[in-house]
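These protein sequences, in sequence, are chains A and B. The first sequence begins at 1455 in my numbering and counts up one residue at a time. The second sequence begins at 3 in my numbering and counts up one residue at a time.
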Amino acid sequence: MVRKYIALLRMKYIEMLAYRLATFVWMTGAITQPLITMFVWMNIHPEESESFLFYFMAVIFVERMTSAWDVWELDREIREGTFSNLLLRPLHPIHWAIAENIVYKWLFLVILVPVWMVGAVYWPALRPHMTGSQIGWFLAAVVLSAALRFLLSYSCGLLAFWVTKVAAVYGVIDVISLFLSGRIAPLEMLPPQLREWSEWLPFRYMISFPIEIATGAVRAEELVRGFAIAAGWLLVLAAVLQWLWKAGMKKNQAVGG
Amino acid sequence: MVIRVSHLHKSFRVHRREAGWLEAVRSLWRRDYRIVEAVKDVSFTIEKGEIVGFLGPNGAGKTTTMKMLAGLLHPTSGEITVGGFVPFEQKAEFKKMMSLVMGQKSQLIWDIPPMETFLVNKAIYDIDDRSFRQTLEELTELLDLAPLLDKPTRSLSLGQRMRCELAAALLHRPQVLFLDEPTIGLDVHTQENVRRFIVDYNREHETTILLTSHYMGDVAALCDRVMIINYGRLIYDGELSVLTEKLAPYKRLEVRFSRLPNISWDEYGEVAEMEEGTVVLRVARETAAGTAARLLERFDVRDINIEDPPLEEVITRAFQEGVYGS
């Protein structure tokens, strides 16, 4: 399995190099929305500019490290029939997607960490104040977020076995998650009712949770609860994915000829 | 035997909608479905090392059958075993002993050179370094791949890509090879090369090959045995030569005259074509020689040619009329 992953990672890396421009656009394009949102909030609450600056830098970082585009890939591959090529090979297609996620996220990491560090030199507000264990929990939460978003995206993508253009379904989920994951505003600014729901829904654990750890908004007892809920969703989504996979294989029409 | 198919059925549920925008609106909340039976009660077996041509018009069920054999589609009913495996279970061991090449669909990764796909396949199929090197060398030589391996796949011509496609499919030395229109869109010369490669490869490795094609040249060059499918039913399974005799009990007589005589041709045969100075007659097999002699005797004939009807014509007949007593 290690050998297979090395080969897949290598291939995805070479493929990424072939898409240099597109990769650059994805990278910068994804930064625009949080940046604009940040300026809006800074304008509304100028006295809290510094905490917004840190928060949205963290949003950019976590969002890039966890985003999953698999739904669009699967939608296209299943609709156009190229998915068959992966199915014919003696390795589950999901490993191709995982390898791709690792390669791109590694690139984002290599770009974003220096950017954050240089930024922190000029703007003290960007300097994180985290203890060693906080950093550890933060990184663990980022990995968990990435896994959750990947499973959600891949599961939605598998719906392409039943309906064409499933990306639309994912679009709806994405809009909900825009608010409930903390991408538009920190969750503490949500109305109390929504805020309570957000604790139990998976979206908080896709972006906001690691950031809350980084800003110190999560206390020790909440930390355990947060990880437990996130792990619960991880299991649920993994089970959903597995079920969709089995049902999808029976439904698969292997289109095109 | 390597492939065994018995009473195979496959039906799809297809959404039906009439044309027109009113119908389009209506279909938003009322959807009519109908069941399309793509494959009906198909049974056959294929022995190790055979090359079998699988023929039928578009939509006859060839590709559907092939996809079921490769494990991509779940049969509605019936049984399939390929090399002792049930394809739909999609076991890794099964995938390692077969390959499916689709002329219209590339397994090569589009934006990077073919060699990268080969290396990924090497890892995924657990091919060890030595056999990989050996196989690649052999395929590079047979398919003349050397200048292609490091160019991005998208920049290859269709023929070049098909050669790489075959190599990618054969790296793990499959015992069973499904070729779905491997020569589609290729020029005559490249078609020729691909055919020669398939024949040589089959002879060398005793690979069992099932092939679909719309080019009768492929079938004539590669297959002794053909299976014909139409409307989802297997209507012929046997030797190609027997099919020709059965369906085309006549010869084509192509006669070129100095001046085309203005006569009724009925007493010689049925006119298939008539052009300036040339007549093509369909004549019963037994009387072909006699008719030719009479024509030579009575008219100023510049050239005469007796041949079997083209395979296209035979196959088209099989599609239209069915094959009786097969």
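Note that the Cβ used here is the ideal one computed from N, Cα and C, for glycine as well.
Please report the Cβ distance between L1545/A and L102/B, rounded to the nearest whole angstrom; I am assuming they are in contact, meaning their Cβ atoms lie under 8 Å. For this step, residue 1545/A is matched to residue 91 along the first sequence. For this step, residue 102/B is matched to residue 100 along the second sequence. 16 Å between Cβ atoms; not a contact.
Beta-carbon contacts of W1526/A that lie in its chain and below 7 Å, excluding the five residues immediately before and after: The residue given as residue 1526/A occupies position 72 in the first sequence. Closer than 7 Å at the Cβ level, and outside the excluded window around W1526/A, lie A1621.
Is it buried or exposed, V44/B, if we count other Cβ atoms within 10 angstroms and call 16 or more buried? In the second sequence, the residue the question calls residue 44/B occupies position 42. Counting Cβ neighbours within 10 Å, V44/B comes out buried, since at least 16 surround it.
What is the DSSP secondary structure of V1572/A, counted as helix, strand or coil? Within the first sequence, numbered from 1, the residue matching residue 1572/A stands at position 118. It is helical.
Reference E269/B; option with closest CA among S260/B, A250/B, R300/B: Counting from 1 along the second sequence, the entry for residue 269/B is found at position 267. Cα-wise, what sits closest to E269/B is R300/B.
Residue from M1492/A, A1682/A, D1529/A whose Cα sits closest to the Cα of K1619/A: On the first sequence, residue 1619/A is found 165 positions in, with the first residue counted as 1. Measuring from the Cα of K1619/A, the nearest candidate turns out to be D1529/A.
Inspect the CB distances between the stretch 156-171 of chain B and the stretch 189-205 of chain B and report whether three or more fall short of 8 Å. yes
Could you please give me the residues that DSSP links to V285/B through a beta bridge? For the purposes of this step, residue 285/B is identified with residue 283 of the second sequence, where counting begins at 1. According to DSSP, V285/B bridges with K253/B.
Between the C-alpha atoms of L1471/A and V1479/A, what's the straight-line distance to the nearest angstrom? Taking the first sequence and counting its residues from 1, the one referred to as residue 1471/A is at position 17. Taking the first sequence and counting its residues from 1, the one referred to as residue 1479/A is at position 25. Their Cα atoms are separated by approximately 13 Å.
Quick check on DSSP: helix, strand or coil for H174/B? Numbered from its first residue, the second sequence carries residue 174/B at position 172. Note: H174/B maps to coil in three-state DSSP.
Give, in chain order, every unbroken run of the alpha helix (DSSP H) that is at least 4 residues long and sits entirely within the stretch 99-156 of chain B. 116-126, 131-145
Output needed in chain order: residues of the stretch 1457-1483 of chain A with a Cβ under 8 Å from some Cβ in chain B. R1457, K1458, I1460, A1461, L1462, R1464, M1465, I1468, E1469, A1472, Y1473
Between the alpha carbons of D281/B and R296/B, how many angstroms are there, rounded? To locate residue 281/B, count along the second sequence from 1; it is residue 279. To locate residue 296/B, count along the second sequence from 1; it is residue 294. A small correction: the amino acid at residue 281/B is Val; Asp does not occupy that position in the sequence shown. Approximately 15 Å, taken between the alpha carbons.
How big is the Cα-Cα spacing for L1561/A and A1595/A? As a working note, residue 1561/A is residue 107 in the first sequence. As a working note, residue 1595/A is residue 141 in the first sequence. L1561/A and A1595/A: Cα-Cα distance of roughly 19 Å.
Span of the alpha helix (DSSP H) around I1460/A: As a first step, residue 1460/A must be located in the first sequence, where it is residue number 6. Residues 1456-1472.
Under 8 Å between C-beta atoms of T214/B and M68/B: On the second sequence, position 212 is the one that residue 214/B refers to. On the second sequence, position 66 is the one that residue 68/B refers to. Contact flag set, yes.
Can you tell me where the beta strand (DSSP E) with N232/B in it begins and where it stops? For this step, residue 232/B is matched to residue 230 along the second sequence. 227-232 is the extent of the beta strand (DSSP E) around N232/B.
Start and end residues, alpha helix (DSSP H) containing E1517/A: Taking the first residue of the first sequence as position 1, residue 1517/A is located at position 63. 1503-1520 is the extent of the alpha helix (DSSP H) around E1517/A.
Report yes or no: is there a C-beta of chain A within less than 8 Å of the C-beta of A40/B? Residue numbering aside, residue 40/B sits at position 38 when the second sequence is read from its first letter. No, no contact with chain A.
Quick check: what's the CA-CA separation for T83/B versus L121/B? Against the second sequence, residue 83/B aligns to sequence position 81. Against the second sequence, residue 121/B aligns to sequence position 119. Straight-line Cα distance between these residues: approximately 30 Å.
At 8 Å on the CB atoms, spell out the chain B contacts of T1618/A, in chain order. The residue given as residue 1618/A occupies position 164 in the first sequence. Correct list: empty, because the minimum Cβ distance to chain B is about 11 Å.
Return the residues of the stretch 1528-1553 of chain A that lie within a Cβ-Cβ distance of less than 8 Å from chain B, sorted by chain order. G1535, T1536, S1538, N1539, L1541, L1542, R1543, P1544, L1545
Partner residues on chain A for A72/B, Cβ-Cβ distance less than 8 Å: Position 70 of the second sequence, counted from the start, is the residue given in the question as residue 72/B. The contacting residues are L1542.
What residues of chain A sit near K98/B, judged by a beta carbon separation below 8 Å? What you label residue 98/B is simply residue 96 of the second sequence in a count that begins at 1. Per Cβ cutoff of 8 Å: P1544.
Could you check the C-alpha separation between L173/B and G105/B for me, to the nearest Å? In the second sequence, the residue the question calls residue 173/B occupies position 171. In the second sequence, the residue the question calls residue 105/B occupies position 103. In a straight line, the C-alpha of L173/B is about 18 Å away from that of G105/B.
In three-state DSSP terms, what is R261/B? For the purposes of this step, residue 261/B is taken as the residue at position 259 of the second sequence. Of the three classes helix, strand and coil, the one that applies to R261/B here is coil, per DSSP.
Of all the options T210/B, S159/B, L181/B, P176/B, which has the alpha carbon lying nearest to the alpha carbon of D189/B? The residue given as residue 189/B occupies position 187 in the second sequence. Nearest of T210/B, S159/B, L181/B, P176/B to D189/B, Cα basis: S159/B.
Where do the N-terminal and C-terminal ends of the alpha helix (DSSP H) with S1652/A fall, by residue? Taking the first residue of the first sequence as position 1, residue 1652/A is located at position 198. Run containing S1652/A: 1646-1654, per the alpha helix (DSSP H) assignment.
Where A21/B falls: helix, strand or coil (DSSP): As a first step, residue 21/B must be located in the second sequence, where it is residue number 19. Three-state result, A21/B: coil.
For chain B, find out if any of its Cβ atoms is closer than 8 Å to the Cβ of Q1707/A; answer yes or no. As a working mapping, residue 1707/A is identified with position 253 in the first sequence. It does: the Cβ of Q1707/A has a partner Cβ on chain B nearer than 8 Å.
Buried or exposed (CB count within 10 angstroms, at least 16 for buried), W31/B: As a first step, residue 31/B must be located in the second sequence, where it is residue number 29. With fewer than 16 Cβ atoms within 10 Å of its Cβ, W31/B is classed as exposed.
Taking only the alpha-carbon atoms, compute the straight-line gap between W1699/A and G1636/A and give it to the nearest angstrom. On the first sequence, residue 1699/A is found 245 positions in, with the first residue counted as 1. On the first sequence, residue 1636/A is found 182 positions in, with the first residue counted as 1. Approximately 30 Å between the Cα atoms of the pair.
Is it buried or exposed for T119/B, if we count other Cβ within 10 angstroms and need 16 for buried? Working through the second sequence from its first residue, we reach residue 119/B at position 117. The residue in question, T119/B, is buried, as its Cβ has 16 or more Cβ neighbours within 10 Å.
Could you tell me whether any Cβ in chain A is nearer than 8 Å to the Cβ of A94/B? Here residue 94/B refers to the residue found at position 92 when the second sequence is read from its first residue. For A94/B, the answer is yes, since a Cβ of chain A falls inside 8 Å of its Cβ.
Which residues in chain A have a C-beta closer than 8 Å to the C-beta of A125/B? List them in chain order. Within the second sequence, residue 125/B is the residue found at index 123, counting from 1. Those are R1457, K1458, I1460, A1461, L1462, listed as they occur along chain A.
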